[in-house]
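A quick write-up on the structure given underneath.
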Amino acid sequence: MQPAFSHRRADFPEDFLFGAATSATQIEGTAFGGAGASHWDTFALTPGNVVRGETAARACDHYHRWEEDLDLIAGAGFDAYRFSINWARLLPEGTGKPNPAALAFYDRLIDGMCARGLQPFLTLYHWDLPTALAHRGGWANRDITGWFTDYALTVQRRFGDRLASTATLNEPWCVAWLSHFIGAHAPGLRDISAAARAMHFTLTAHAGALAALRAEGAKNLGIVLNFEHVDPASPADEGAAATEEALFNRWFAEALALGRYPAKALQGLECWLPKGWQADLDAIAAPLDWLGVNYYRRALKAAVPGTPWPATREVEGPLPKTTMGWEIHPDGLSDRLVKLARLFPGLPLCVTENGMSADDHITDGAVADPDRIAYVDAHLAACRAAIAAGVPLKGYFYWSLMDNYEWALGYDKRFGLIHVDFESLKRTPKWSYQAFQHMLLPRTLSAR
Ligand code: IFM
Numbered sequence: 001m002q003p004a005f006s007h008r009r010a011d012f013p014e015d016f017l018f019g020a021a022t023s024a025t026q027i028e029g030t031a032f033g034g035a036g037a038s039h040w041d042t043f044a045l046t047p048g049n050v051v052r053g054e055t056a057a058r059a060c061d062h063y064h065r066w067e068e069d070l071d072l073i074a075g076a077g078f079d080a081y082r083f084s085i086n087w088a089r090l091l092p093e094g095t096g097k098p099n100p101a102a103l104a105f106y107d108r109l110i111d112g113m114c115a116r117g118l119q120p121f122l123t124l125y126h127w128d129l130p131t132a133l134a135h136r137g138g139w140a141n142r143d144i145t146g147w148f149t150d151y152a153l154t155v156q157r158r159f160g161d162r163l164a165s166t167a168t169l170n171e172p173w174c175v176a177w178l179s180h181f182i183g184a185h186a187p188g189l190r191d192i193s194a195a196a197r198a199m200h201f202t203l204t205a206h207a208g209a210l211a212a213l214r215a216e217g218a219k220n221l222g223i224v225l226n227f228e229h230v231d232p233a234s235p236a237d238e239g240a241a242a243t244e245e246a247l248f249n250r251w252f253a254e255a256l257a258l259g260r261y262p263a264k265a266l267q268g269l270e271c272w273l274p275k276g277w278q279a280d281l282d283a284i285a286a287p288l289d290w291l292g293v294n295y296y297r298r299a300l301k302a303a304v305p306g307t308p309w310p311a312t313r314e315v316e317g318p319l320p321k322t323t324m325g326w327e328i329h330p331d332g333l334s335d336r337l338v339k340l341a342r343l344f345p346g347l348p349l350c351v352t353e354n355g356m357s358a359d360d361h362i363t364d365g366a367v368a369d370p371d372r373i374a375y376v377d378a379h380l381a382a383c384r385a386a387i388a389a390g391v392p393l394k395g396y397f398y399w400s401l402m403d404n405y406e407w408a409l410g411y412d413k414r415f416g417l418i419h420v421d422f423e424s425l426k427r428t429p430k431w432s433y434q435a436f437q438h439m440l441l442p443r444t445l446s447a448r
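Reading the sequence shown from the start, the letters are residues 1 to 448 in our numbering.
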């Protein structure tokens, strides 16, 4: 039997928003419309970086199929759509003159959202750094603050009149640590000094753009951070878990909320931070209008004595997992929301990403994904628990609207509510899409 969610829309506050999320490089197709190269294009063309060497050149061909995709979002009953602009599409050289085809494309896309009653939730940076700027040091160069601010202003001046909200960056931990220390994402560095600089310059870039956007009159400005529930693999691994907590969950959040970095992370990073970093902290802690929370899983951490800082590794845990190998732990979401509400008193929070990858197949024209429905159901229960505990949680966005380019994992992992056949590009809504429809559509239709 096809399952439904155990929640009704009426179980959430009247103004609570439901939405679906994507990002530009993961769906649009970077080969179309005069987009400049981003560091992901070059990273993917380097053997060994991406599963089967797959690129985002065509992705879901959203560049040409955006109308069908927006119809599907509206058809599920969502109130809002979280999308991003590809910086390298808009500014092929990273700075300077915008690409006219990109201006026209994002105009059509945003107008298309408004015409369907979908609130446009924009993310300015979801990882498509123009290669021209990567060649100049990218996120390890302090100048990125100015490059990013200028890009943000170009976006605001053209599209700002139609945006419901703007987030500066998506998941700065991935931009900095995963990409410059672990080396799993573009630019694929394994360099603690570049990583420390990027951990700081993502925040100066956020702060520069936030101030400039505000001066320009932009409203509803935020940033999207990723969080995981961290546990020690054994009682002897408490220190390893605390280091991970500081690097992953506390670094960005405490800098933004309190204007300081956690001591446990500074132990390893302070000597690599750029000169004068302390002077940037006041600007970094400028008030936000909202905070986006991406949450997927629990991570178990163990110490690896005798290795360089942070001297930790991840250990496989016993909980049920998604096809990413990620442990499913919905209580971690309510815990995190409660902690964040304490750290940022009164600040509206929004779950900007939550979802699971699964081994989805089309059978007799349908995609049965009961595990995904159960995953979302449990995380919606966690949202309700947080709201009941007093957290000002304002929305929930499922990641992702449709199967797409999962970065270094190519087209291997399916997170979508909509199945995409990467040969024919046909879209097939899964059972989980229908579960959202069932929960959301009656009220959305009466409001439209
Ligand atoms: O696909 C990514 C997305 O780009 C950022 N957050 C996590 C998702 C799943 O890995």
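By construction, the Cβ of each residue, glycine as well, lies at the ideal position given by its N, Cα and C atoms.
Please read these numbers as outputs of a predicted model, since none were measured by experiment.
Is the beta carbon of residue i within less than 7 Å of some heavy atom of the ligand IFM?
i      : result
His126 : yes
Phe415 : yes
Trp407 : yes
Glu54  : no
Phe294 : Before going on, a small fix: residue 294 reads as Asn here, not Phe. Yes - the ligand IFM has a heavy atom lying nearer than 7 Å to the Cβ of Asn294.
Glu316 : no
Glu423 : no
Asn86  : no
Trp399 : yes
Gln2   : no
Ser193 : no
Gln26  : yes
Asn170 : yes
Ser23  : yes
Glu353 : yes
In the structure shown, what three-state DSSP assignment does residue i receive?
i      : result
Met199 : helix
Lys301 : strand
Asn294 : strand
Glu238 : helix
Glu245 : helix
Pro100 : helix
Pro442 : helix
Ser6   : coil
Please report the residue range of the alpha helix (DSSP H) in which residue i lies.
i      : result
Thr25  : 24-27
Leu269 : 263-269
Phe43  : 39-44
Ala88  : 87-90
Glu254 : 251-258
Ala283 : 281-284
Trp66  : 62-75
Pull up the DSSP beta-bridge partners for residue i, would you.
i      : result
Phe397 : Gly19
Lys321 : Glu327
Ala366 : Thr363
Phe12  : None; Phe12 has no bridge partner.
Thr30  : Bridge partners of Thr30: none, in fact.
Arg313 : Ala302
Arg414 : Ala358
Ile223 : Leu291
Cys350 : Gly292
Val420 : Arg427
Asp231 : Leu300
Met402 : Ile418
Pro130 : Ser38
So, residue i versus residue j, is the Cβ gap smaller than 8 Å?
i      : j      : result
Pro130 : Gly94  : yes
Tyr295 : Arg336 : yes
Thr168 : His206 : yes
Gly332 : Arg298 : yes
Asp143 : Arg136 : yes
Glu270 : Pro262 : no
Ile27  : Ala59  : yes
Ala212 : Thr149 : yes
Ala176 : Ala198 : yes
Val50  : Ala408 : yes
Gly33  : Asp61  : no
Tyr81  : Ala20  : yes
Ile223 : Leu300 : no
Ala104 : Leu90  : no
Leu288 : Leu347 : yes
Gly36  : Pro100 : no
Gly410 : Glu171 : no
Residue i lies in the beta strand (DSSP E); which residues open and close that run?
i      : result
Thr166 : 165-170
Arg157 : From DSSP, Arg157 is part of no beta strand (DSSP E) but of the alpha helix (DSSP H) over 144-159.
Pro120 : 119-125
Ala80  : 80-84
Pro429 : 427-429
Please tell me whether residue i has its Cβ less than 8 Å away from any Cβ of chain C.
i      : result
Gly355 : The structure shown contains no chain C; it is built from a single protein chain.
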